[in-house]
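*Asks:* The sequence shown begins at 1 in the UniProt record's numbering and counts up one residue at a time.
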Amino acid sequence: MKQEMAQREEAELHRSHQKPRSPEGWGLLLVLWYLAFYKPIITEAHLRRKNIEFVFIRFSAWQYAGCDKLWAGLVTTLCDSIRHHFGALPLSVYHVMGTRPRFASGFSQKEWVLKTGTCLKLWGMLFVLSAGLSILLVALLVPGVKDHHALKVVGSAVTSLSGSGLALGAFSILKNLLISEKQKIERLTNSEKFTSQLGFMSKVRNEVEVLVDYLAFMEIFERRRLRVVLEITSLDICYPEKVAGVLNAMNTLLSEANTPFIFILAVDPSVIVPCLEQTGCMKGLADNGYLYLNRSVTLPFSIPEMGSRSRLRFLEAAIQTREDLMYRIITGNLERRRAKCQGAPLVPNRREADTEAVRCIHEAFRCLHDGADPLARYLPASGAHVRRIVNTIPVTLRLLLHRSGVPGVPSPRAAAAWVVLADQWPCRLSWALQCLEDAWQSQPWRDWGARSLWSIYQENLGELSSLRQSLHNVLSLDGDPELFQTFLACDFPFTARDARAFLGVTVNLDHSIRHKMGLLRGLDRLQ
C-alpha cells in the first residue's frame, strides 16, 4: 500500500504539477486560515485526483478486552489516531469554525469560497469592539468627560458584549484542544447513561461524522485522497460478545457511502465463527457465522500454507531476533549496499510485470462480461459476492505471475473460473481438495496430476454425505449442486495438476474449512 501511494503521488505530480500540502510548519497557518475564512468545494479536478495517502492505525483488541464495550475502544482509537496524525489544533478549530465540503455547482474549478457571513460578523464585532474601547477611553481619559458616568457605562457594555463573542469562540477552541474526542467518548462510557444507552450511540455517531467531514476537508487542502486503514488484530482471543461488538462497529463505520475507512481484519475464522454463533447477533442468519463473515468481508484473503522457501525465510527472521546473531543483519545490509553501489539489479523489472498483470486482469474481466462465455452463467446474483469475485481476481492473477513467472501461468480465464468456483462452492471445493491432498499423501507413487477434480469429488461423495451433519453450516455456503457438477464436469474440467497450481494462490477460500474436513475424515476413519 505504501508503494502504491508513492507511485500514485509521482504520477499525479507529473499530471497536474501541483504538490500536495501538509498541515505542518507554514502549512499549519494556511490550514487554520482556510478553516476560519473559507468553505471547501468538491470540484471535478479534485474527483479526478488519483494520489492517495493511507493513514495506518493498528487496533489490538486484546488491549481493550477488559472494558465493557470493546467497540468503544475501536472508536476511541480511531479518533485519537486521527487527532495525532493531523494535529490537535486544526481539528479543534474545525469543531468550532469548520464547514462541511459541498459539491461545486456547474463546472466551477474554485476549491475555496470565502465565508462572507463569517467575515462580516468578524469585522462587525471588531468594529463594535473598537468603537466601545474608543468610547471607554474617551470617558476615562478626556478632561471634562470623566464625570459622565453614562458614557462609561455605554462604553463598558459595548466592549463587554463584543469582546465576549470573541472570547467565547476562543474558549470553545481551547476546550476542544484540551478535551479530545477520545476523552469525550470515555466520559460517556463512564456515565450512568451508558448502562441504558440513552443517546449514547447518537453522540458517538456525531463524533465519527465530524471526523469524516474533517477528513473530507483535509483531502481538499492536501490535494489528495485520504483513507484511514484500521488493522484489527488479536480479536480471536477475546470473549464472543466482544468479537460481535467490534464487527458491528466495523459495519456501522462502513455503512455510509464513500466512507474513508478501510478495515484489515486479521483473524482465524475457525475461532471467530463459533464466537459469532454463540452471541445473539446471528438471529436471521440461521446461526451461521460463515454467512455473517461473507456479508461483512468484501475482499477475503485466506493466507495459504507456508511453502518451503517461506519457512526458510521465517526461520531466518526468527534467528535474526537473537541478540547473539545480530551481526547477520549488519552483514546483509552491507551486502545490499555493496550491490547497489556496483549497479547490480536487486529486483526484477516491475514495470513489465505490472503491464503483464494488467493485461491478464483485463482479459479475465472480458471473459466475465462476455455473455457467450459459459463463465458468465455462473456469476452469482448477490451483489456482495460479485464484489468479492471482482476484488479477488486481480489479487489471484498477480500472485500467479509472481509465483510462476510469465511463462507457464494458467490462462486468465481459468484463473477467473477458479475464483468463481471457490466463491460459489467453498465447501464442495474444499472437500475435493482435501481428498486430493489425502490421496497424494497416502499414495505418492501414483500419478494424480491428470485426474479430474470432478472424478475425485465423485469417488468421495458418499463420505461427504456421512459427514453432512457436522458440516451443515459450511454446506449451506454452497450454491446449486447441479451447477457445480456442470461447472467441473463439462465447462471447466480442472485437473489435479490445475488444483495444485491454483491452491497456493487461492485467497478467497477459507482454508480452515479444509482443515476441519481433514480432522473429521481422520476421526471418522478411526471409528
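Glycine included, every Cβ here is placed at the ideal spot set by N, Cα and C.
#1: So, for Leu28: in the same chain, excluding its five sequence neighbours on each side, which residues have a beta-carbon less than 8 Å away from its beta-carbon?
#2: Quick check on the DSSP output: the beta strand (DSSP E) that includes Phe263 runs from which residue to which?
#3: Just mark Leu247 as buried or exposed, buried being the case when its beta carbon has 16 or more other beta carbons within 10 Å.
#4: Along the chain, where does the beta strand (DSSP E) containing Tyr38 start, and where does it finish?
#5: Ala61: which of Thr77, Ala439 and Phe54 sits nearest, CA to CA?
#6: Could you check where the beta strand (DSSP E) with Val297 kicks off and where it finishes?
#7: Look at the alpha carbon of Glu222 and the alpha carbon of Arg451, and state the distance between them as a whole number of angstroms.
#8: Classify Gly522 as buried or exposed, calling it buried when 16 or more other Cβ atoms lie within 10 Å of its own Cβ.
#9: Which residues bound the beta strand (DSSP E) around Val55?
#10: Is it buried or exposed, Ala167, if we count other Cβ atoms within 10 angstroms and call 16 or more buried?
#11: Do the CB positions of residue 607 and Phe217 come within less than 8 Å of each other?
#12: Determine, using beta carbons only, whether Leu401 and Ala353 come nearer to each other than 8 Å.
#13: Any Cβ of chain D within less than 8 Å of the Cβ of Glu463?
#14: Smallest Cα separation from Gln458: which of Ala432, Arg49, Leu475 and Val243?
#15: Give a yes or no on contact between the segment 460-472 and the segment 493-500, applying the rule of three or more CB pairs nearer than 8 Å.
#16: From what residue to what residue does the alpha helix (DSSP H) around Val243 run?
#17: If the criterion is Cβ atoms closer than 8 Å, does the pair Pro260 and Leu230 meet it?
#18: Which one of Gln434, Gly518 and Cys360 has the shortest CA to CA distance from Ala416?
#19: What does DSSP give as the partner residues of Phe103 in its beta bridges?
#20: For Pro269, which option in Glu10, Gln18 and Asp510 has the closest C-alpha, if you only look at C-alpha atoms?
#21: Rounded to whole angstroms, what is the Cα-Cα separation between Asp287 and Gly73?
#22: Among the candidates Arg403, Leu467 and Phe484, whose CA atom is the shortest distance from the CA of Val505?
#23: Leu254: which of Glu277, Val271 and Thr298 sits nearest, CA to CA?
#24: Can you tell me whether DSSP reads Pro410 as helix, strand or coil?
#25: Where does Arg225 sit, in a helix, a strand or coil, going by DSSP?
#26: Along the chain, where does the beta strand (DSSP E) that runs through Trp425 open and close?
#27: Whose CA, out of Val31, Asn176 and Asn473, lies closest to the CA of Pro425?
#28: Taking 8 Å as the threshold (C-beta atoms), are Thr355 and Val507 in contact?
#29: Using the C-alpha atoms, what's the distance from Gln183 back to Pro304?
#30: Would you identify the three-state DSSP class for Ile232, choosing helix, strand or coil?
#31: Does the beta-carbon of Ala364, which I'm using as the reference point, lie nearer than 7 Å to any heavy atom of the ligand ATP?
#32: The beta strand (DSSP E) with Trp112 in it runs from where to where?
#33: Run through DSSP, which three-state label would Val22 get?
#34: Is Ser452 helix, strand or coil when you go by DSSP?
#35: Under a Cβ-count criterion, where at least 16 other Cβ atoms within 10 Å of its own Cβ denotes burial, should Arg322 be classed as buried or exposed?
#36: To the nearest angstrom, report how far apart Ile319 and Asp498 are at their CA atoms.
*Replies:* Judging by the given coordinates:
#1: Excluding sequence neighbours, Leu28 sits near Gly87, Leu89 and Pro90.
#2: Going by DSSP, Phe263 is part of the beta strand (DSSP E) stretching over Phe261 to Leu265.
#3: Under the 10 Å beta carbon count, Leu247 is surrounded by 16 or more other beta carbons and is classified as buried.
#4: Tyr38 -> beta strand (DSSP E) spans Tyr38 to Ile42.
#5: Out of Thr77, Ala439 and Phe54, the CA that lies nearest to the CA of Ala61 is found in Thr77.
#6: Premise fails: Val297 is in no beta strand (DSSP E) and is neither H nor E.
#7: Counting only the Cα atoms, Arg451 lies some 57 Å from Glu222.
#8: Per the 10 Å Cβ criterion, exposed.
#9: If you look at Val55, you'll find it in the beta strand (DSSP E) that goes Ile52 to Ser60.
#10: Residue burial is scored here from C-beta neighbours: Ala167 has fewer than 16 other C-beta atoms within 10 angstroms and is therefore classed as exposed.
#11: Outside the shown range of the chain (1 to 527) lies residue 607, about which nothing can therefore be said.
#12: Yes, the Cβ-Cβ distance between Leu401 and Ala353 is below 8 Å.
#13: Absent from the structure is chain D; it holds one protein chain and no more.
#14: If you compare the alpha carbons of Ala432, Arg49, Leu475 and Val243 with that of Gln458, the shortest gap goes to Ala432.
#15: Contact check between the segment 460-472 and the segment 493-500: fewer than three CB pairs, one atom from each, fall below 8 Å, which does not count as touching.
#16: Counted as a single uninterrupted DSSP element, the alpha helix (DSSP H) harbouring Val243 occupies residues Pro240 to Leu253.
#17: No.
#18: Measuring from the Cα of Ala416, the nearest candidate turns out to be Cys360.
#19: Residue pairing for Phe103: DSSP places it in a beta bridge opposite Ile42.
#20: Of the candidates Glu10, Gln18 and Asp510, the one whose C-alpha sits nearest the C-alpha of Pro269 is Asp510.
#21: In this model, Asp287 and Gly73 are separated by some 27 Å (Cα to Cα).
#22: Considering only Arg403, Leu467 and Phe484, the residue with the shortest C-alpha distance to Val505 is Arg403.
#23: In this structure, Thr298 is the residue among Glu277, Val271 and Thr298 with its C-alpha nearest to the C-alpha of Leu254.
#24: In the structure shown, Pro410 falls within a coil segment according to DSSP collapsed to helix, strand and coil.
#25: DSSP places Arg225 in strand when its eight states are reduced to three.
#26: Where Trp425 is concerned, there is no enclosing beta strand (DSSP E), given that its DSSP letter is neither H nor E.
#27: Inspection of the sequence shows that residue 425 is occupied by Trp rather than by Pro. The option with the nearest alpha carbon to Trp425 is Asn473.
#28: No. Outside cutoff.
#29: Approximately 41 Å between the Cα atoms of the pair.
#30: Three-state DSSP puts Ile232 in a strand.
#31: Within the structure as shown, the ligand ATP is missing, as the structure has no ligands at all.
#32: Counting along the chain, the beta strand (DSSP E) containing Trp112 begins and ends at Trp112 to Leu114.
#33: Inspection of the sequence shows that residue 22 is occupied by Ser rather than by Val. In this structure, Ser22 counts as coil in the three-state DSSP scheme.
#34: In this structure, Ser452 counts as strand in the three-state DSSP scheme.
#35: Confidence in Arg322 is poor, its pLDDT being 46 and thus under 50, which makes the residue's placement unreliable; the coordinate value appears in the next sentence. Counting Cβ neighbours within 10 Å, Arg322 comes out exposed, since fewer than 16 surround it.
#36: At Ile319 the pLDDT is 47, less than 50, meaning the model places this residue with poor confidence and gives no usable figure here.
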